[in-house]
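So the structure is just underneath, and the comments pick up after that.
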Amino acid sequence: MEVKNPYLVISAPDSKSWPDSELPEIVMAGRSNVGKSSLINTITRRKNLAYVGNTPGKTRLLNFFNIDDRFMLVDVPGYGYANASKKMLIQFGEMMEEYFGERKQKKGLLIIVDARHKPSEDDLTMIEYARYHHMKLAIIATKVDKLKKNEIKKCLEKIKTTFELTDEEPLIAFSSEKKQGIDRVWQMIDEMLEDR
Ligand SMILES: Nc1nc2c(ncn2[C@@H]2O[C@H](COP(=O)(O)OP(=O)(O)O)[C@@H](O)[C@H]2O)c(=O)[nH]1
Ligand SMILES: [Mg+2]
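Sequential numbering from 137 applies to the sequence shown in the working numbering.
Dropping the structure here:
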């Protein structure tokens, strides 16, 4: 997949600002610092489409990227950083409940995890949203370049069992550093967009 003209439509602070668009939407979520912005830049082959290394948790915004008028990539703010206030956690939960509950265009959820670590409670909450709303979903385990060859299989297995992934819920090994897994991510997005 070659992306020609991706652009940020809006960083939406609330549902009133969600784009007035019929395009199908693919949601990307993950802990802050997991490598989500890098992944967005890597699969679109842009350096700065998604800002890398921004202050974790500073923003509570849903970023809507228009990908060649084909679909919207919805970048969820990184969750799970240490000093999040209770109020922010509640706001985040409400925002996601509203999005998953109301947004008809949602087609699939990609949850980004660090290949080296066991998924967090927040990651598990995220996968439950998708299952509850019968969305297609996939897990992307990124930063696999940080693992030794003989560790990769074991780490992926741990992620699979923690999420209790079914055969319909793929796990994709990825590295922005090594540009690994790009084709599989696009394959997954295409499948999600073809659905219905
Ligand atoms: N080694 C390695 N580092 C990565 C990879 N992806 C992201 N990083 C680094 O992880 C940090 C956080 O990345 P970022 O994309 O900003 O994470 P975000 O907070 O999830 O958007 C940065 O220092 C990136 O350079 C990867 O695939 N491999
Ligand atoms: Mg980011």
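Note that the Cβ used here is the ideal one computed from N, Cα and C, for glycine as well.
For the beta strand (DSSP E) holding residue i, just list the boundary residues, first then last.
i, result
"Phe-201", "198–203"
"Ala-277", "272–278"
"Ser-174", "Ser-174 -> not in any beta strand (DSSP E); alpha helix (DSSP H) instead, spanning 172–180."
"Pro-149", "That residue, Pro-149, is in no beta strand (DSSP E); it is neither H nor E in DSSP."
"Asp-307", "A small correction: the amino acid at residue 307 is Leu; Asp does not occupy that position in the sequence shown. Its beta strand (DSSP E) spans residues 307–309."
Would you identify the three-state DSSP class for residue i, choosing helix, strand or coil?
i, result
"Met-224", "helix"
"Val-210", "strand"
"Met-164", "strand"
"Asp-319", "helix"
"Gly-229", "helix"
"Leu-292", "helix"
"Lys-243", "strand"
"Asp-331", "coil"
"Asp-326", "helix"
"Glu-235", "According to the sequence as given, residue 235 is Tyr; it is not Glu. In the structure shown, Tyr-235 sits in a helix (DSSP, three-state: H, G or I)."
"Asp-250", "strand"
Could you check how far apart the C-beta atoms of residue i and residue j are, in whole angstroms? I think they sit under 8 Å.
i, j, result
"Ala-274", "Leu-246", "6 Å"
"Glu-234", "Ser-151", "5 Å"
Hey, out of the options, whose CA is closest to residue i's CA?
i, options, result
"Lys-279", "Ser-311, Tyr-187, Glu-300 and Gly-317", "Ser-311"
"Ala-335", "Leu-209, Tyr-268, Gly-171 and Asn-177", "Shown here, the chain extends from 137 to 332; a query on residue 335 therefore has no answer."
"Lys-315", "Arg-182, Thr-261 and His-270", "Arg-182"
"Ile-146", "Asp-331, Asn-202 and Gly-171", "Asn-202"
"Glu-230", "Val-139, Met-262, Ser-173 and Ile-295", "Met-262"
"Lys-289", "Thr-302, Arg-252 and Glu-304", "Arg-252"
"Leu-197", "Pro-213, Glu-305 and Ala-266", "Pro-213"
"Arg-267", "Val-139, Ser-174 and Glu-304", "Glu-304"
Ordered along the chain, which non-local residues of its own chain (more than five positions away) have a Cβ less than 6 Å from that of residue i?
i, result
"Glu-257", "none"
"Ser-327", "Looking at the sequence itself, residue 327 is Glu, so the reference to Ser does not match. Cβ neighbours of Glu-327 beyond the five flanking positions: none."
"Ala-165", "Val-212, Ile-247 and Met-262"
In its own chain, which residues sit with a C-beta less than 7 Å from the C-beta of residue i, not counting the 5 before and 5 after it?
i, result
"Val-321", "Ile-179, Ile-276, Ile-308 and Phe-310"
"Asn-141", "Asp-204"
Just to confirm the assignment, what range does the alpha helix (DSSP H) spanning residue i have?
i, result
"Ser-268", "A quick correction: the sequence has Tyr, not Ser, at residue 268. That run of the alpha helix (DSSP H) goes 257–268."
Short of 8 Å in beta carbon distance, which residues of its chain neighbour residue i, apart from the five on each side in sequence? Order them along the chain.
i, result
"Leu-260", "Thr-298 and Phe-299"
"Arg-239", "Trp-154 and Glu-161"
"Gly-237", "His-269"
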